[in-house]
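Remarks on the structure that follows.
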Amino acid sequence: MNGYRYLAGIVTGSVSLLKGMRVTFANMVSRPHTVQWPRQTAPLPARFRGHIRMLADEETGFPRCFACGSCARICPSACITVQGRKPGDRKKKVAVRFLLDFTKCSLCGLCVESCPARALAFSRDYALAGYRDTEFRTMDLLEGLASPFQF
Amino acid sequence: MSAPPTYSLESTDNGNFLLNLGPQHPGTHGVLRVVLQMDGEYILAADPVLGYGHRMQEKIAENMTYLQALPYVCRMDYLGAMSYSLAWVCAVEKLCSFEVPERAVHVRVMACELNRIASHLLWWGAYLLDLGAFTPFLQAFADREQILDLLEYITGSRLTYCYFRFGGLAADVDDVFLRRVEDFVTGFRQRLPRYHDLVTGNVIFHHRSKDVGVILPFEAAGYGVTGPCLRGSGFAYDVRKCEPYSGYDRFEFAVPAEQEGDCLARYNVRMAEMEQSLAIIEQAVATIPDGPYRARVPRVIRPPAGEVAMAVETPRGELVIFMVSDGSTRPCRVKFRVPSFANLSIFARLARGQLLADALAILGSLDMVIPEVDR
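Laid out in structure tokens, this is it:
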């Protein structure tokens, strides 16, 4: 009886191994799930949360931010520094300094949600690398945008 | 428990020796260290040493507004982050008596169950990796990838979602997402038998997991073990069923339980749970109503003074958030009762007298996330 159980165990065990190997071999002829990065990239969804970036006003080209500071207040990691000034002819302030400490940012997106001017958006840049940590410690989001102030 | 004074491999008088399992051992799935007192290949005593990843999450949450603490809770259990967000927002909603729109409730359930399947899939792959099989890991990740893509589509993030808000969601879902979820459910149903072919019936897997690490029912209750580990020991206890929250009472699902209490029973419970999660997702997609996805709540959350306890079934077990409000914008006291911590407490008992290789099988079957233990 024991000998029979032993043999039956070997047979069912071998069948289970073959069943498993069938799954493995079926995979050999299926399409790969991966892409050949960096030659190919996986598609990014529209809501992808990268680091934040500043949007420009369509008319003036100045940053949309009027330095109310609600993003800096809501940020759990306190990684946003924002300062603004009033240009002489306008009522609203315009940001003159908008620094992001990306080393602290946890990409939660609360700043984008809290912005009353809809001035912030998520960047689609995910392959970030640099030589110095200062490149990410003080990221200047106003870079490349026009400014109403002449220096 | 305090760590033994010496950590070296030097032998003690009676020929026993101490062995460090971790904190960099891949089998502990994180920075967990277990000091093992060994007699040859057998474990005499196991002593888990915690705290390498302690981040004072409770204290951090007490120094932030309710909304600011929301991204932090996801970082505790990064594999079941949706359930953690859900627990946090539900606790605050309970405290403030906010109503949540129907549509948001459905999406929340959908997202949490997708996240549960993703977490179980990762456990499935990693557990078999612990036992020495590499193929299942890749199989599981191929399917998990689809879930992460789905969740990334609605939340914009792949692990730490931060998608729920007090009174609803951060953003609405569209029909494209719902169709893709439906496709995933049908597709994954067809792929599940492959998982069983590959592993469940496998003779080597049976030898490694059957009658290994048996948690007796009274022990499970005594140690406060929850989740699939408790259900593997014969208790069909699931917070979703026993104390329904966030609309789980609207969906039909079974609570799978096994009697044996060994690693194989815990495995079977998790496999059956994935099927139940698929059923819940299917119902949520079929019955999702139109309407607002977010209720109008005050911009500044200032709950009335009082306290609240919110229990949620995460993929690993019962999470309870206890919160005391003093009427200000910050919580006065927050306490997280995390499932992994309680489940780890029984490991010392289970590992005693086992082979070292079996101890790793037991540790894997408890499905722990170490940042959640340390928090």
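Chains A and B, in that order, are what the protein sequence lines are. Heads up: the first sequence is residues -6 to 144, going by our numbering. Heads up: the second sequence is residues 1054 to 1428, going by our numbering. Cβ atoms here follow ideal geometry from the backbone N, Cα and C, with glycine treated the same way.
In the DSSP annotation of this structure, the continuous segment of the alpha helix (DSSP H) that includes residue 6(A) starts and ends at -5 to 21. For the options 1331(B), 1103(B), 1071(B) and 1147(B), the alpha carbon positioned closest to that of residue 1243(B) is the one of 1331(B).
Contact check for residue 64(A) against residue 1121(B) fails: the beta carbons are separated by 9 Å or more. If you look at residue 1280(B), you'll find it isn't in any alpha helix (DSSP H); DSSP assigns it neither H nor E. Neighbours of residue 17(A) in chain B, taken as residues whose beta carbon is under 8 Å from its own, are 1188 and 1251 in chain order. 1405(B) is the residue among 1212(B), 1379(B), 1271(B) and 1405(B) whose C-alpha sits nearest the C-alpha of residue 1094(B). Apart from the 5 residues on each side of it in sequence, residue 1223(B) sits with its Cβ closer than 6 Å to the Cβ of 1216 in its chain, given in chain order. Per DSSP, the continuous alpha helix (DSSP H) segment holding residue 1329(B) begins and ends at 1316 to 1339. Closer than 9 Å to the CB of residue 5(A) there is at least one CB belonging to chain B.
Under the DSSP assignment, residue 1384(B) falls in the beta strand (DSSP E) whose first and last residues are 1384 to 1390. Counting only runs that start and end inside the region 92 to 129 of chain A, the alpha helix (DSSP H) elements of at least 4 residues fall at 103 to 107. A buried status is given to residue 1173(B), since no fewer than 16 other beta-carbon atoms sit within 10 Å of its beta-carbon.
Note that the C-beta distance between residue 1310(B) and residue 1289(B) is below 9 Å.
If you look at residue 1411(B), you'll find it in the alpha helix (DSSP H) that goes 1409 to 1418. Residue pairing of residue 1375(B) in beta bridges, as defined by DSSP: 1362(B) and 1388(B).
At a cut-off of 9 Å between beta carbons, residue 68(A) contacts chain B. Looking only at 117(A), 85(A), 29(A) and 37(A), the smallest Cα-Cα distance to residue 47(A) is reached by 117(A).
Burial is judged here by how many other beta carbons sit within 10 angstroms of a residue's own beta carbon; residue 35(A) has fewer than 16 and is exposed.
The beta carbon of residue 111(A) sits closer than 8 Å to the beta carbons of 48 and 57 from its chain, once the five residues preceding and following it are set aside; these are given in chain order.
Non-local beta-carbon contacts of residue 74(A) in its own chain, meaning distances under 6 Å to residues more than five positions away in sequence, involve 92 in chain order.
In this chain, the alpha helix (DSSP H) harbouring residue 1206(B) covers 1188 to 1208. Just measuring C-alpha positions, the residue of 1213(B), 1162(B), 1393(B) and 1152(B) sitting nearest residue 1283(B) is 1393(B).
By the rule that beta-carbons nearer than 9 Å mark a contact, residue 97(A) does not touch chain B.
In this structure residue 1381(B) is not in contact with residue 1359(B), their Cβ atoms being roughly 12 Å apart against a cut-off of 8 Å. In the structure shown, residue 27(A) adopts coil according to DSSP, grouped into three states. For residue 1400(B), the enclosing alpha helix (DSSP H) starts and ends at 1400 to 1404. Using a Cβ distance threshold of 9 Å, residue 1214(B) and residue 1135(B) count as a contacting pair. Remark: C-beta atoms of residue 1199(B) and residue 1178(B) do not approach each other more closely than 9 Å. With 16 or more other Cβ atoms from the protein chains shown falling within 10 Å of its own Cβ, residue 102(A) counts as buried. Here the region 1237 to 1257 of chain B lies against the region 1181 to 1191 of chain B, with 3 or more beta-carbon pairs under 8 Å apart. Burial of residue 1089(B) is indicated by the presence of at least 16 other C-beta atoms within 10 angstroms of its C-beta. Taking CB atoms only, residue 32(A) has no neighbour in chain B less than 9 Å away. When the five nearest sequence neighbours on each side are left out, the beta carbons in the same chain lying within less than 7 Å of the beta carbon of residue 62(A) are those of 75, in order along the chain. Secondary structure note for residue 1135(B): its alpha helix (DSSP H) is the uninterrupted segment 1134 to 1149. Each residue's CA atom was taken as its position, placing residue 1352(B) and residue 52(A) some 30 Å apart. Distance between residue 96(A) and residue 1365(B), taken at the CA atoms: about 32 Å.
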